Amino acid sequence: MKAVRIHDYGEADALVYEDAPIPEAPPDGVLIKVRAAGVNPVDWKIRKGLMRAMRPLQFPAIMGSDIAGTVALTGPLVTRLKEGDHVIARVDGAYAEFAAAKTDAVAPAPTSIPLSHAAGIPIAAGTAWTVLFDSANVRAGQKVLIQGGSGGVGIFAVQLAKLAGAHVIATTSGPNVAMVKSLGADEVVDYRAVDVASAVKDADLVVDCVGGETLKRSFGLLRKGGLLITIVSPPEEALAKEYGVSARFERGNMNGIRLQEISGLIDAGKLKVVIEKELPLAEAKAAHELSESGRARGKIILRVA
Ligand SMILES: NC(=O)c1ccc[n+]([C@@H]2O[C@H](COP(=O)([O-])OP(=O)(O)OC[C@H]3O[C@@H](n4cnc5c(N)ncnc54)[C@H](OP(=O)(O)O)[C@@H]3O)[C@@H](O)[C@H]2O)c1
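Just so we're aligned: 106 in our numbering is position 108 of the sequence shown, and the numbers increase by one with no gaps anywhere.
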């Protein structure tokens, strides 16, 4: 099969479109014919070796984690899925014509959007869900700020917080302001044009999808006793103390049950996937460069078949 692999850590040039063996489905898993792979910032972080302590690779390694596709083969222990099912999953090795997954990582793909767009769901929507519902237990009436409302995770976080009944404020810039408003945000702050600290005060919850200085400045936007959750890097405990807030780092959980709920919300017309760009698999390098620019608005998709 064709796949995009790396043979060592490196820049986007390290991505090689080449032949690779088809993976084997585990007895309690499936082989999926990939229609499209979603691109996430973690993909280029892995490629560069920035995640090697947590996610060490064996080379050559197929890149990518998010897929949408069709079940091609089922393992002998599988009863819940059958050949031909349209599915989404988080896998190891997404940028390829075939990917293997355990059944508990697999969910039905939404039927109301193109299958290729569904590849944008697993990591981004699964992480937004984890942060808002598992970790923050977001409730109706809370003032919630999403830092980076136009990014892959942000687009889902804005919509899910709104579905929970929160008053949702999001930061983004320029032409992305209108897009994030269209996702239901009550207020959108253009962080390039306005000082966010003067526009947002006393938030109950800040979800930081940006990191760096934005993360540091997020502490001062919360009410006393408020909660800051960042998905980028561990926050400084000293700052949390200084501002009288709680702060923590969270990692997304994208199991099949979670993904099935998300597919259901999409088919119910309550959640949208925003696509920045679809590119052929062979153009993974351009996709990584775009993701690494930090300017993607919604999800980047690699079309496989
Ligand atoms: N912990 C986890 O499990 C987990 C899971 C998923 C992602 N992540 C991490 O979370 C981060 C976000 O991921 P993502 O997929 O959402 O990224 P992304 O799609 O690359 O985010 C790009 C978006 O961020 C916006 N942005 C950039 N700087 C901003 C700023 N200073 N203020 C507000 N918005 C800003 C950009 O809008 P403008 O162009 O208008 O600036 C752009 O639309 C990445 O670091 C990723 O690795 C972690």
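Glycine included, every Cβ here is placed at the ideal spot set by N, Cα and C. The model shown is predicted, which means the values in this text are computed figures rather than measured ones.
Check, Outcome
"N-terminal and C-terminal residue of the beta strand (DSSP E) that residue 199 is part of", "No beta strand (DSSP E) holds residue 199; DSSP gives it neither H nor E."
"Three-way DSSP call (helix, strand, coil) for residue 86 in this model", "strand"
"Heavy atom of ligand 1 within 6 Å of residue 380 beta-carbon", "Residue 380 lies beyond the residue range present for the chain, which begins at -1 and ends at 303; the question has no answer from this structure."
"Near ligand 1: residue 250 beta-carbon under 6 Å from a heavy atom", "yes"
"Backbone secondary structure at residue 165 - three-state DSSP", "strand"
"Residue 107 at chain C interface by Cβ criterion, 7 Å", "No chain C is part of this structure, which consists of one protein chain only."
"Distance cut-off 6 Å: residue 121 Cβ against heavy atoms of ligand 1", "yes"
"Cβ contact check for the region 129 to 141 and the region 103 to 110: 3 or more pairs under 8 Å", "no"
"Cβ-heavy atom distance, residue 152 to ligand 1, below 6 Å", "yes"
"Classification of residue 252 by the beta-carbon crowding that lies within 10 angstroms, buried from 16 upward", "buried"
"Inter-residue spacing [alpha-carbon to alpha-carbon] between residue 209 and residue 231", "7 Å"
"Residue 172 to residue 74 span [Cα, whole Å]", "52 Å"
"Inter-residue CB distance, residue 88 and residue 103 (contact presumed, cutoff 8 Å)", "6 Å"
"Among 177, 85, 5, 8, nearest to residue 30 - alpha-carbon criterion", "85"
"Residue 148 beta carbon near ligand 1 (any heavy atom closer than 6 Å)", "yes"
"Pair within 7 Å by beta-carbon distance, residue 277 and residue 266", "no"
"Where residue 309 falls, given that 16 or more other Cβ within 10 Å makes a residue buried", "Nothing about residue 309 can be reported from this structure: the residues present for the chain run from -1 to 303 only."
"Contact test: residue 229 Cβ vs ligand 1 heavy atom, cutoff 6 Å", "yes"
"Among 39, 61, 6, nearest to residue 121 - alpha-carbon criterion", "39"
"Burial state of residue 245, where buried means 16 or more other Cβ atoms lie within 10 Å", "buried"
"Where the beta strand (DSSP E) through residue 262 begins and ends", "Run containing residue 262: none in the beta strand (DSSP E); it sits in the alpha helix (DSSP H), 254 to 265."
"Euclidean distance between Cα positions of residue 234 and residue 205", "15 Å"
"Every unbroken alpha helix (DSSP H) inside the region 204 to 236 [4 residues or more]", "210 to 216"
"Same chain, Cβ closer than 6 Å to residue 174, neighbours up to 5 away in sequence not counted", "148, 295"
"Residue(s) in a DSSP beta bridge with residue 105", "86"
"Helix, strand or coil at residue 299 according to DSSP, with G and I counted as helix", "strand"
"Option in 77, 42, 34 with minimal Cα separation from residue 11", "42"
"Other residues of its chain near residue 127: CB distance less than 7 Å, five sequence neighbours each side excluded", "158, 256, 260"
"Residue range of the beta strand (DSSP E) that includes residue 30", "27 to 37"
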